[in-house]
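> Quick one: this structure, given as C-alpha cells, is what I'll be asking you about.
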Amino acid sequence: MANRRITKAERERVDKILTLLDEYYTTEYKCYLNHETPWQLLIATILSAQCTDERVNLVTKDLFKKYKTLEDFAGADLKELEKDIHSTGFYHNKAKNIIECAKTLVTEYGGVVPKEIDKLTGLAGVGRKTANVIRGNIYHEPSIVVDTHVKRISGKLGFTKAEDPEKIEFELMDLLPKDHWILYNLQIIAHGRSICTARNPKCTECFLYDLCKWKGKS
DNA sequence: CTCCCGATAT
DNA sequence: ATATCAGGAG
Numbered sequence: 001m002a003n004r005r006i007t008k009a010e011r012e013r014v015d016k017i018l019t020l021l022d023e024y025y026t027t028e029y030k031c032y033l034n035h036e037t038p039w040q041l042l043i044a045t046i047l048s049a050q051c052t053d054e055r056v057n058l059v060t061k062d063l064f065k066k067y068k069t070l071e072d073f074a075g076a077d078l079k080e081l082e083k084d085i086h087s088t089g090f091y092h093n094k095a096k097n098i099i100e101c102a103k104t105l106v107t108e109y110g111g112v113v114p115k116e117i118d119k120l121t122g123l124a125g126v127g128r129k130t131a132n133v134i135r136g137n138i139y140h141e142p143s144i145v146v147d148t149h150v151k152r153i154s155g156k157l158g159f160t161k162a163e164d165p166e167k168i169e170f171e172l173m174d175l176l177p178k179d180h181w182i183l184y185n186l187q188i189i190a191h192g193r194s195i196c197t198a199r200n201p202k203c204t205e206c207f208l209y210d211l212c213k214w215k216g217k218s
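If you read the first sequence in UniProt numbering, its first letter stands for residue 1, the second for the next number, and so on.
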C-alpha cells in the first residue's frame, strides 16, 4: 500500500536507516517535554515554539505549580502570564494563545484535550505540529510530527524534497511504516541534538553517513 | 510572506 | 555578531 513510487533499492536504504535509528535510539525514547496531564503537554508544546525543550521544562516546572488547573490558565492575567513564560520567547503571542486555548478547552470540550486533528488545530496557538504531538504522545494515534529537526534531517537523508511542513508530513507518512511514525520524530530529535545538528553536523561520527544523501562536510 | 522574540552556542 | 531552538497566526 505505502511506498508505491519507491524503488526497491530506495526502500532498502530507508529500512536500513530505520533499523539503525531503532538500534541507536531505542523505543524507550519518549516525549521530551515534562508533563503530568494532556493539557500540560499541550501548553508545554505551545511554549516550545522556537525554544529549546530544556528551557520549556525549566519554565513549566514553576508554571504548573502556580497554575494547577486548566481553569487557572483560562482565568489567568495576561500580563502576569507573559512574565511567567517570558524566557521562552514570543511571550505575548504565547500567553494570549494559552489563555484563549484554555478557555476553549474548558467551555467547549469540558476540560478534555480533543484527539481529532481539526479540533486540535482549531485551538489558539495550536498548529499541525503541536496537534500531532498530542495525538502521538497522549492518544498514541500514529502521527508524524514535523518540527525543525525532522524537516532538516529528513531533507538531508533524502526522505523528502519538500519545504512545506505539511507536505513533508504527508510524504513521510507515505514513506515510513505506520508503526514507526511516532518514534521517528523522537529519534530524529535525539539525532538532531547529538549528531546531525543544524550548525556543525558531526558527519564523521554519524552512523548513518553511508546511507545519507547529503554527506556534508563535518 | 512577515511578524512574533528570549536564551544559548558558535 | 549571527544562527538556531519540539511554530503559529495574520
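Ideal Cβ placement from N, Cα and C applies to all residues, glycine included.
Does Thr60 pass the burial test, meaning 16 or more other C-beta atoms within 10 Å, or should it be called exposed?
On the first sequence, position 60 is the one that residue 60 refers to. Buried, since its Cβ has 16 or more Cβ neighbours within 10 Å.
> Is the beta carbon of Ala131 less than 8 Å from the beta carbon of Tyr29?
Taking the first residue of the first sequence as 1, we reach residue 131 at position 131. Taking the first residue of the first sequence as 1, we reach residue 29 at position 29. Contact flag unset, no.
> I need the boundaries of the alpha helix (DSSP H) containing Asn137, first residue and last residue.
Residue numbering aside, residue 137 sits at position 137 when the first sequence is read from its first letter. Taken as a continuous stretch (DSSP letters only), the alpha helix (DSSP H) holding Asn137 covers 128–137.
> For the alpha helix (DSSP H) holding Asp179, just list the boundary residues, first then last.
Here the question's residue 179 lines up with position 179 in the first sequence. Segment: none, Asp179 is in no alpha helix (DSSP H) and carries neither H nor E.
> Are three or more beta carbon pairs between the stretch 15–31 and the stretch 116–130 nearer than 8 Å?
no
> Heavy atom of the ligand NAD less than 7 Å from the Cβ of Thr88, yes or no?
Judged by which ligands are present, the structure shown has none, so any question about the ligand NAD falls away.
> When DSSP labels each residue in this structure, what does Ser154 get in the three-state scheme?
In the first sequence, residue 154 corresponds to position 154, counting from 1. Helix.
> According to DSSP, simplified to helix, strand and coil, what is Gln187?
As a first step, residue 187 must be located in the first sequence, where it is residue number 187. Looking at Gln187 - three-state DSSP - the assignment turns out to be helix.
> Which residue comes first and which comes last in the alpha helix (DSSP H) that contains Thr27?
On the first sequence, residue 27 is found 27 positions in, with the first residue counted as 1. From DSSP, Thr27 is part of no alpha helix (DSSP H); its letter is neither H nor E.
> Report yes if the CB atom of Asp84 is closer than 8 Å to the CB atom of Lys66, and no otherwise.
In the first sequence, the residue the question calls residue 84 occupies position 84. In the first sequence, the residue the question calls residue 66 occupies position 66. Against a cut-off of 8 Å, the Cβ pair of Lys66 and Asp84 comes out as a contact.
> Could you check where the alpha helix (DSSP H) with Leu70 kicks off and where it finishes?
Locating residue 70 in the first sequence gives position 70, counting from the first residue. Run containing Leu70: 70–74, per the alpha helix (DSSP H) assignment.
> Within 10 Å of its beta-carbon, does Gln187 have 16 or more other beta-carbons around it, so buried, or fewer, so exposed?
Numbered from its first residue, the first sequence carries residue 187 at position 187. Classification for Gln187: buried.
> Between the C-alpha atoms of Val133 and Ser143, what's the straight-line distance to the nearest angstrom?
Position 133 of the first sequence holds residue 133. Position 143 of the first sequence holds residue 143. Computed Cα separation, rounded: 8 Å.
> Taking only the alpha-carbon atoms, compute the straight-line gap between Glu82 and Ala76 and give it to the nearest angstrom.
If you number the first sequence from 1, residue 82 lands on position 82. If you number the first sequence from 1, residue 76 lands on position 76. Rounded to the nearest angstrom, the two C-alpha atoms are 10 Å apart.
> So, does the stretch 90–110 touch the stretch 44–61, judging by three or more C-beta pairs under 8 Å?
yes
> Please name the residue, chosen from Ile138, Tyr209, Glu169, Thr160, that lies closest to Thr45 on a Cα-to-Cα basis.
On the first sequence, residue 45 is found 45 positions in, with the first residue counted as 1. Of the listed residues, the one whose Cα sits closest to Thr45 is Ile138.
> Note down the Cα distance separating Asp72 from Pro38, rounded to an integer number of angstroms.
Taking the first sequence and counting its residues from 1, one reaches residue 72 at position 72. Taking the first sequence and counting its residues from 1, one reaches residue 38 at position 38. Cα-Cα distance, rounded: 15 Å.
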